[in-house]
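Below is one structure, written out as structure tokens; the observations come after it.
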């Protein structure tokens, strides 16, 4: 494909549209790879896929392979789902929650997300879904952004407690955050302090792709 070849020299945009929450969503060939970007940041594939792959690698591909179900809050183009299925060969159920139906339409069209048989996509707000779901999960991946903004509810005690309740024994939370200033550093520190060291093991992986910090939470009981 000519776009793929040319993209090693210069990024080639092939689709741009507005979504309900983002001024711009772009599908672009970059360095031979198709990526999804919002106005100011990578939204799926590219650097974001590398960031979340690092977190999954820290948890352990073999360990993930033995899990029954995974919840992904914030699907976008589905790059972390593709990592689970294509690289880790995860065969269990994946539930993906995405607020914007337009994003899922793009993910299906350009990244073939609808061809993954064990994936169920639910169009809903992540907070609302977490309140309603009765299922429990071995791994919960939180990757909820509106461009570079992270909704406040992600760091509130009620949401954190609900996530912990939905996590099975010996399960993991993989939380992708963005750190752009000292206020956000303090926000992340407060989030980590919410977890009891008796019941949870927490590892933070800072400065991933410059501005991201991964927080990995393991439920010990």
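In this note's numbering, the protein residues as written are 6 to 226.
Where is the CB? At the ideal position from N, CA and C, for every residue including glycine.
Report the three-state DSSP secondary structure of residue i (helix, strand or coil).
i, result
"residue 106", "helix"
"residue 162", "helix"
"residue 177", "strand"
"residue 43", "coil"
Among the candidates the options, whose CA atom is the shortest distance from the CA of residue i?
i, options, result
"residue 121", "85, 180, 171", "85"
"residue 26", "182, 43, 18, 12", "43"
"residue 169", "135, 154, 16, 183", "135"
"residue 219", "188, 174, 146, 99", "146"
"residue 221", "61, 16, 28, 39", "61"
"residue 75", "165, 142, 186, 185", "142"
"residue 196", "107, 116, 165", "165"
Since residue i is in the alpha helix (DSSP H), which residue starts that stretch and which ends it?
i, result
"residue 8", "7 to 11"
"residue 59", "52 to 64"
"residue 84", "84 to 87"
"residue 125", "Looking at the DSSP string, residue 125 is not in any alpha helix (DSSP H); the run it does join, the beta strand (DSSP E), is 124 to 128."
"residue 187", "187 to 198"
So the beta strand (DSSP E) residue i belongs to, where does it begin and stop?
i, result
"residue 76", "74 to 78"
"residue 133", "Where residue 133 is concerned, there is no enclosing beta strand (DSSP E), although the alpha helix (DSSP H) it sits in stretches over 131 to 137."
"residue 222", "217 to 224"
"residue 144", "142 to 147"
"residue 36", "Element bounds for residue 36: n/a, residue is neither H nor E."
What's the gap between the Cα of residue i and the Cα of residue j?
i, j, result
"residue 96", "residue 224", "22 Å"
"residue 177", "residue 23", "34 Å"
"residue 45", "residue 114", "22 Å"
"residue 157", "residue 126", "24 Å"
"residue 69", "residue 51", "22 Å"
Between the stretch 26 to 40 and the stretch 62 to 80, can you find at least three pairs of beta-carbon atoms closer than 8 Å? no
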